[in-house]
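The sequence shown begins at 2 in this note's numbering and counts up by one. Idealized CB from N, CA, C, for every residue including glycine. Working notes, structure below.
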Amino acid sequence: MGSVKAFMPPQGILLVAALVPREWEVRFIDENIRPVLGSEFAWADAVLVSGMHIQRKQILDIARRAHGAGKVVALGGPSVSAAPENYEDIDLLHCGEVGDGTLELFRQIDETPARPERQIIYLTGARLQMTDFPTPAYHLIDVRQYLLGCVQYSSGCPFTCEFCDIPALYGRNPRMKTPQQILAELDQLADGGTPSIYFVDDNFIANPRAAQDLLTHLVKWQKRRDYTVRLSCELTFNVVEYPEILGLMREAFMTNIFIGIETVDPDALRAMSKKQNVRTPMLEAVEKVNSYGIEIAAGIIIGLDTDTPETTDAILEFIEASQIPIVTPNLLVALPHTPLYERLQKANRLNSGEGRDSNVEYLQPYEEVVANWKHVIRETYEPRNIYVRYAAQAKRTYPHRKRPVRPLDQLTWPNLWRAIEIFSRTAWRVGVCSDYRKEFWKMTRRELRQGNVESVFQIAMVAHHLITFGRECLTRDVQASAYSARGRDSSVA
Numbered sequence: 002m003g004s005v006k007a008f009m010p011p012q013g014i015l016l017v018a019a020l021v022p023r024e025w026e027v028r029f030i031d032e033n034i035r036p037v038l039g040s041e042f043a044w045a046d047a048v049l050v051s052g053m054h055i056q057r058k059q060i061l062d063i064a065r066r067a068h069g070a071g072k073v074v075a076l077g078g079p080s081v082s083a084a085p086e087n088y089e090d091i092d093l094l095h096c097g098e099v100g101d102g103t104l105e106l107f108r109q110i111d112e113t114p115a116r117p118e119r120q121i122i123y124l125t126g127a128r129l130q131m132t133d134f135p136t137p138a139y140h141l142i143d144v145r146q147y148l149l150g151c152v153q154y155s156s157g158c159p160f161t162c163e164f165c166d167i168p169a170l171y172g173r174n175p176r177m178k179t180p181q182q183i184l185a186e187l188d189q190l191a192d193g194g195t196p197s198i199y200f201v202d203d204n205f206i207a208n209p210r211a212a213q214d215l216l217t218h219l220v221k222w223q224k225r226r227d228y229t230v231r232l233s234c235e236l237t238f239n240v241v242e243y244p245e246i247l248g249l250m251r252e253a254f255m256t257n258i259f260i261g262i263e264t265v266d267p268d269a270l271r272a273m274s275k276k277q278n279v280r281t282p283m284l285e286a287v288e289k290v291n292s293y294g295i296e297i298a299a300g301i302i303i304g305l306d307t308d309t310p311e312t313t314d315a316i317l318e319f320i321e322a323s324q325i326p327i328v329t330p331n332l333l334v335a336l337p338h339t340p341l342y343e344r345l346q347k348a349n350r351l352n353s354g355e356g357r358d359s360n361v362e363y364l365q366p367y368e369e370v371v372a373n374w375k376h377v378i379r380e381t382y383e384p385r386n387i388y389v390r391y392a393a394q395a396k397r398t399y400p401h402r403k404r405p406v407r408p409l410d411q412l413t414w415p416n417l418w419r420a421i422e423i424f425s426r427t428a429w430r431v432g433v434c435s436d437y438r439k440e441f442w443k444m445t446r447r448e449l450r451q452g453n454v455e456s457v458f459q460i461a462m463v464a465h466h467l468i469t470f471g472r473e474c475l476t477r478d479v480q481a482s483a484y485s486a487r488g489r490d491s492s493v494a
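Quick look at the structure:
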């Protein structure tokens, strides 16, 4: 809302933009904000693209337009690294993290900035150490156009969840930047005006000792800036085993985390090798995290072999009991290079047919699994249910958050204008035009009576997005998985 046009900057390609030879002139376009112009394709010598599996359709469309302008196209990122066979029409493929293959790709473009006769694939053998990473090219973006800024501290995860491709792509031995690198990136983003920054690490506590060390630096950084920037991250549920880390997260103003809960069935979690989710009773773990002022967003998987007719009701009961406000249900998808993919391939249970949102042959009929997904979406994103869950967060989570020492220092003209812009649009779209405006004004009155002005903005904006998304899932042909084999009508960088 307001000047915000996209969710988060594409971290990977901003890093590539910082790594290219100094003599190269770089133009960065994020098609989540605006499409590339024909004049920009004409200006370029080469077009470098990155994207995820769900953005395959857009990646191929960018390549088509670039080829139409006679330009060579290079593609890197997680999707091509996992499945290069999906991109046979693209000239140069970069598979793996940045490293020696990246330098070879740059040399190829430097020496011959023309389309090759046949596709060339560059494989990273020796990774560039993360301590040698430059600061991503944040100067090429306007961070105020994004809801969140983002940084990456580490890569890799020690766990071996059956469905996850992170260990195969990035390794089980986490690699980290230095705290000094992260602080420099945070300063640049904060100075640019971003109010929230997300750590895009696969698992922020993949190395608990390193995470704890970074958090001590983040606490000092927040004190220096008087807690003007909210931090958030993705991590695993075993964080509840580290109360010292949770305490530091609170002190570092880490207000939101994403956790892959996946399922509420302990046997299913063990079957997928996600044992870290069963060491502490799940509701107890949620309450413990909330007690540090940290709100949880949860990932849920539907279509597991262990699912039963009672599974969807159990999921909904857990959502109601935990009062987790943001829940992202997805159909199970078998990603290449995962134990799940190998198991299903051996069992002849892979199906990449047109019109499907998953390549998995479920034990239940596909239509039934999709219907279960829609049922969870319908109940989870029903307006009253969302506002009830946020009311619970306002009582049991938000009061435990760190408070700025000098809150009036945050009342700068840019921040005030941003707040007015967001609230005016929200009040019109939700408080006047929506069919759930009663829930909005009920929440607004309650929070304002308690002096929680910021909560009004936060809850109204996110709830509106979730309700809109939920309705689109039920009324339009929206993918039932973030890893859908089908394309989507949105863009990439």
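Straight-line Cα distance separating residue j from residue i
| i | j | result |
| --- | --- | --- |
| residue 442 | residue 417 | 21 Å |
| residue 215 | residue 223 | 12 Å |
| residue 274 | residue 347 | 19 Å |
| residue 2 | residue 426 | Confidence at residue 2 is low in this model, with a pLDDT of 47, below 50, so the placement of that residue should be treated as unreliable; the coordinate-derived value is given next. Distance between the alpha carbons of residue 2 and residue 426: 7 Å. |
| residue 208 | residue 159 | 8 Å |
| residue 31 | residue 14 | 10 Å |
| residue 204 | residue 240 | 10 Å |
| residue 362 | residue 92 | 33 Å |
| residue 472 | residue 436 | 12 Å |
| residue 406 | residue 229 | 10 Å |
| residue 312 | residue 288 | 22 Å |
| residue 355 | residue 461 | 37 Å |
| residue 87 | residue 46 | 24 Å |
| residue 195 | residue 291 | 25 Å |
| residue 282 | residue 131 | 36 Å |
| residue 369 | residue 353 | 18 Å |
Helix, strand or coil at residue i according to DSSP, with G and I counted as helix
| i | result |
| --- | --- |
| residue 15 | helix |
| residue 137 | coil |
| residue 157 | coil |
| residue 73 | strand |
| residue 256 | strand |
| residue 261 | strand |
| residue 200 | strand |
| residue 331 | strand |
| residue 474 | helix |
| residue 89 | coil |
| residue 83 | helix |
| residue 177 | strand |
| residue 21 | coil |
| residue 235 | strand |
| residue 152 | strand |
7 Å Cβ shell around residue i - same chain, five flanking residues per side excluded
| i | result |
| --- | --- |
| residue 430 | 465 |
| residue 67 | 42, 48, 74 |
| residue 163 | 273, 274, 339, 340, 341 |
| residue 183 | 152, 154, 215 |
| residue 23 | none |
| residue 21 | 27, 107 |
| residue 475 | 375, 378, 379 |
Residue j beta carbon less than 8 Å from that of residue i
| i | j | result |
| --- | --- | --- |
| residue 152 | residue 129 | no |
| residue 146 | residue 7 | yes |
| residue 71 | residue 60 | no |
| residue 296 | residue 398 | yes |
| residue 257 | residue 270 | no |
| residue 440 | residue 385 | yes |
| residue 148 | residue 9 | yes |
| residue 155 | residue 176 | yes |
| residue 166 | residue 337 | yes |
| residue 134 | residue 178 | yes |
| residue 97 | residue 82 | yes |
| residue 253 | residue 201 | no |
| residue 382 | residue 470 | yes |
| residue 453 | residue 395 | yes |
| residue 299 | residue 260 | yes |
| residue 218 | residue 180 | yes |
Cutoff 6 Å; reference residue i; Cβ partners in own chain excluding five residues on either side
| i | result |
| --- | --- |
| residue 38 | none |
| residue 324 | 390, 393 |
| residue 138 | 15, 18, 19 |
| residue 388 | 440, 444 |
| residue 457 | 445, 448 |
Residues near residue i in its chain [Cβ-Cβ closer than 8 Å; skip 5 each side]
| i | result |
| --- | --- |
| residue 143 | 193 |
| residue 301 | 262, 263, 264, 316, 328, 329, 330, 331, 377 |
What are the complete alpha helix (DSSP H) segments, minimum 4 residues, inside the stretch 413-440?
-> 414-430
Sequence ranges, alpha helix (DSSP H) only - wholly within the stretch 334-374, length at least 4 = 340-347
Ordered list of alpha helix (DSSP H) runs contained in the stretch 271-324, each at least 4 residues = 283-291, 312-323
Give, in chain order, every unbroken run of the alpha helix (DSSP H) that is at least 4 residues long and sits entirely within the stretch 98-150.
-> 101-112
Within the stretch 37-62, note down every full alpha helix (DSSP H) run reaching 4 residues or more, in order along the chain.
-> 39-44
At 3 residues or longer, and completely inside the stretch 372-406: list those beta strand (DSSP E) runs for me, N to C.
-> none
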